[in-house]
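Residue numbering for the sequence shown follows the UniProt record's numbering, starting at 1 and increasing by one per position. Yeah, the Cβ is synthetic: ideal placement off N, Cα and C, and Gly gets one too.
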Amino acid sequence: MNSTTSNPTSGPIPFPKSRRGEVAVATEADKAADCEHAAKIHELCRDTSMALQELRHGILNVLYDTMEKLNLNTMTLVQVLDERPSAVQELVDRDADGIRIEMIVEYLERLQTYYQQ
Numbered sequence: 001m002n003s004t005t006s007n008p009t010s011g012p013i014p015f016p017k018s019r020r021g022e023v024a025v026a027t028e029a030d031k032a033a034d035c036e037h038a039a040k041i042h043e044l045c046r047d048t049s050m051a052l053q054e055l056r057h058g059i060l061n062v063l064y065d066t067m068e069k070l071n072l073n074t075m076t077l078v079q080v081l082d083e084r085p086s087a088v089q090e091l092v093d094r095d096a097d098g099i100r101i102e103m104i105v106e107y108l109e110r111l112q113t114y115y116q117q
């Protein structure tokens with residue numbers, strides 16, 4: 001049986017030469033630049049984290065203010081927010097440290113829908 005493709009089965013497979021020998025050793029200037037770059041990235045991450053915390057805090061205050069202005073009782077909030085009574089009680093008590101931003105926004109949207117009805 002003859003193969004229509006020409007695949008040599010013997011002989012070494014040619015690989016490109018390794019360039020490991022061509023890698024330059026990092027100089028002190030390179031190390032200092034890398035360290036400065038890493039410090040800038042760390043500072044940016046810290047600033048971003050702080051900004052997100054402030055944003056979450058602000059959105060949470062909007063939720064608290066909205067709940068206060070609507071003056072709904074806990075059972076109505078349980079129905080509107082579609083949450084367990086204990087979770088709603090935490091909101092009423094302004095103890096919502098574990099709630100994600102996405103959920104806070106969802107609660108605000110649910111309250112808005114309820115108010116517009």
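List the whole-angstrom C-beta distance separating residue i from residue j, where the pair is believed to meet the contact cut-off of C-beta under 8 Å.
i, j, result
"Leu60", "Ala96", "6 Å"
"Arg110", "Leu81", "6 Å"
"Leu85", "Thr76", "The sequence given here has Pro at residue 85, not Leu. Between Thr76 and Pro85 the Cβ distance is about 11 Å, and since that is not below 8 Å, they are no contact."
"Tyr107", "Leu70", "Wrong, their Cβ atoms sit about 12 Å apart, outside the cutoff."
Just verifying my parser: in three-state terms, what is the DSSP assignment at residue i?
i, result
"Glu83", "coil"
"Gly11", "coil"
"Leu108", "helix"
"Ala33", "helix"
"Thr27", "coil"
"Ala96", "coil"
"Gln117", "coil"
Given that a residue counts as buried once 16 or more other Cβ atoms are within 10 Å of its Cβ, and exposed if not, what is residue i?
i, result
"Ile104", "buried"
"Met50", "exposed"
"Leu63", "buried"
"Leu44", "exposed"
"Leu91", "buried"
"Leu72", "buried"
"Val88", "buried"
In the segment 46–93, which residue ranges form an unbroken alpha helix (DSSP H) of at least 4 residues, counting only runs that do not cross its ends? 74–81, 85–92
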